[in-house]
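Student:
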Amino acid sequence: MKAPIEMVVLDEEGDTIQCTVKDIFVPIFEGLLAEGNVYVVTNFGVALNTIKFKPTRHEFRIHFKRDTIVRPVQDSSVPLNGFNFVPFKTIQSESKEDGYLVDVIGQLASKGNLVEFTRDGKPSSYITIELDDLEGGQKLRVTLWQSFAFELLKYLEEHPSLTYVVILQMGKMKFYSGVMGVSNTNYNSKLFINVEFPAARDFFARVNKLDPVDGQGIMPLVCGQPVSDEEDFLRLSVYKTIADIKEHNQDAVFVTAGTIKEVETEFGWWYKGCKKCRRGLRELDKKYFCPNCIRDYGFYEPRYIIHIRVIDHTDAASFVLFDGEAAKFLGVSAKDLRQSCVTKGVEKNSCPEEIHKLRDIKFIFKVQLKMRNLNSYEPYVIHVLRMTNENSLVSAFLDKYNPDTGLLSHENSELLSLSTGPYNTSKACESEPTPSPAVDEKHNSKILGAKKHIEEIGEESVSSKSKKGKWVVVED
Ligand SMILES: [Zn+2]
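The following block contains the structure:
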């Protein structure tokens with residue numbers, strides 16, 4: 001039995017759709033299809049695009065049937081490469097690895113060493129590079145595996161040059177050490193180095209305008225270690241002011257700077273967490289149920305959940321600080337602090353003095369914006385993923401993004417009065433105190449809508465009208 005053929009096809013409008021020839025039909029079609037040719041295809045089936053890694057954002061996929069008709073045509077109106085370059089900032093603002101594959105272009109800024117290892121008895125290797133979008137210091141981390149890594153190294157060796165423009169077509173978004181980057185997929189991705197496609201003309205023009213002495217050449221990249229605060233805050237994440245974060249109406253990840261003006265003690269400061277996974281436990285009859293471990297425990301571990309009011313030169317917002325970062329800064333675990341409260345006889349619902357150590361300190365934060373109910377007063381929640389008040393890092397950050405630092409250092413009554421009140425998270429704290437993948441209701445309803453549509457038209461019986469497309473075989 002032959003392996004199925006997976007293709008991405010492109011029409012004259014530049015739109016793409018994935019296209020599959022099932023294994024049993026491969027002998028019928030394999031001799032007819034070649035990458036780079038233009039075909040008119042009629043009588044094919046259509047299904048929802050629900051596979052895990054989606055090479056296109058098209059809602060549907062095409063699959064060939066036994067009686068699908070494929071006719072090659074001469075047509076130059078279809079472009080050769082359907083690049084759809086995604087800005088680095090768009091990728092780095094993503095809060096989850098979604099299944100859509102992306103095209104990226106950038107100048108090779110730094111390169112790590114080839115890392116070789118053995119997994120399940122098989123040798124494997126990868127190389128990490130950073131691409132520069134030449135739009136002001138933004139770098140994207142790209143991991144190239146196996147043959148893609150070899151291809152890059154071979155090219156660099158054989159073509160000594162001051163600058164390399166790297167295109168990774170159909171890469172997948174991948175979290176690495178809390179930073180969103182891109183890596184190749186085994187079968188879909190393509191790597192192009194210094195190939196001046198028409199779609200890449202603007203970028204090459206920008207590269208050619210660079211001053212030759214202006215820091216060109218490839219920097220060494222130290223890999224295989226967690227991404228440091230410095231790299232994360234200064235190079236690999238997207239900065240937004242608090243006002244801009246509040247305006248953003250999608251799940252996203254940003255870095256920002258601000259001063260903690262107050263700890264919102266009315267929400268408490270700790271929750272009953274799972275000892276194993278930190279999720280909030282549901283208490284029932286002296287037992288504690290963990291919805292993540294899906295089991296009952298007879299005990300819980302106190303974990304931090306601290307609501308802080310953060311102000312910058314544009315606005316103020318409530319951030320939620322969780323166990324890891326809070327314990328790191330306060331220097332005491334929630335469990336120990338809770339214990340000392342009990343020992344000292346601190347009133348049950350009041351906040352220990354230690355928590356207020358956070359007040360009036362300027363931090364830089366990496367935050368995750370999670371949308372909740374769009375109709376509520378504050379339709380989002382802002383979780384702190386990472387924070388630091390390390391002096392040199394905060395100054396470098398402020399130097400780079402140049403917020404009006406004067407306002408950060410002192411109370412600004414006008415801004416505080418402008419700011420919106422704290423949102424009510426008391427309910428959410430009980431049920432979901434730790435970050436967890438939120439159900440994307442909008443997305444779900446869209447899929448349901450599409451499914452309904454498919455059922456109405458009948459999946460297998462779709463007989464499409466004649467459709468012209470350029471068929472690019474990317475996997476076989
Ligand atoms: Zn658990």
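Counting with full-length UniProt numbering, you get residues 1 to 476 for the letters of the sequence shown. Just so you know, even glycine gets a beta-carbon here, dropped at the ideal spot from N, CA and C. Keep in mind that this is a model prediction, so the values were computed, not measured.
Just to confirm my understanding: we take Y288, look at its own chain, exclude 5 residues before and 5 after, and list those with CB closer than 6 Å. What are they?
Tutor: L281, Y297 and Y300
Student: How close, in whole Å, do the beta carbons of T256 and F365 come, if the pair is a contact with beta carbons under 8 Å?
Tutor: 6 Å
Student: Using a Cβ-Cβ cutoff of less than 8 Å, which residues in the same chain neighbour I242 once the five nearest sequence positions on both sides are dropped?
Tutor: These residues qualify, in order along the chain: T256, G258, V310, I311, D312, T314, D315, A316 and A317.
Student: Mind checking whether the beta-carbon of K276 lies closer than 7 Å to any heavy atom of ligand 1?
Tutor: yes
Student: Which residue wins for smallest C-alpha separation from L10, given the options P27, V41 and E30?
Tutor: Nearest C-alpha to L10 among P27, V41 and E30: V41.
Student: Count the other CB atoms within 10 Å of the CB of S228; is the residue buried (16 or more) or exposed (fewer)?
Tutor: exposed
Student: Give me the residue from F254, E347 and E231 with the minimum Cα distance to I382.
Tutor: F254
Student: Whole angstroms are fine: how far does the CA of E354 sit from the CA of C274?
Tutor: If you draw a straight line from the Cα of C274 to the Cα of E354, it is about 23 Å long.
Student: Find the nearest neighbour of N249 within the set F197, L168 and E378, judged by alpha-carbon distance.
Tutor: The shortest C-alpha separation from N249 is found at E378.
Student: Leaving out the 5 sequence neighbours to the left and right, which residues in its chain are closer than 6 Å to F197 when beta-carbon positions are compared?
Tutor: N81
Student: With distance defined between alpha-carbon atoms, name the residue in P55, E59, E12 and V38 nearest to L48.
Tutor: E59
Student: What would DSSP say about Y401, mapped onto helix, strand or coil?
Tutor: helix
Student: By the 10 Å Cβ neighbour count, where 16 or more other Cβ atoms means buried, how is P433 classified, buried or exposed?
Tutor: Because the pLDDT of P433 is 40, which lies under 50, any placement of that residue in the model is unreliable, and the question is left without a value.
Student: Mind checking who T259 pairs with in its DSSP beta bridge?
Tutor: I311 and K362
Student: Pull up the distance between the alpha-carbon of G171 and that of I245, whole angstroms please.
Tutor: 27 Å
Student: I need the DSSP call for D296, collapsed to helix, strand or coil.
Tutor: strand
Student: Tell me which residue opens and which closes the beta strand (DSSP E) that F148 is part of.
Tutor: Looking at the DSSP string, F148 is not in any beta strand (DSSP E); the run it does join, the alpha helix (DSSP H), is Q146 to E158.
Student: When burial is assigned at 16 or more other CB atoms within 10 Å of the CB, is R303 buried or exposed?
Tutor: buried
Student: Would you tell me roughly how many angstroms separate the C-alpha atoms of S93 and R235, rounded to the nearest one?
Tutor: 13 Å
Student: Using a Cβ distance threshold of 8 Å, determine whether the region 120-132 contacts the region 264-279, with at least three qualifying pairs required.
Tutor: No: the two stretches stay apart, fewer than three of their Cβ pairs being nearer than 8 Å.
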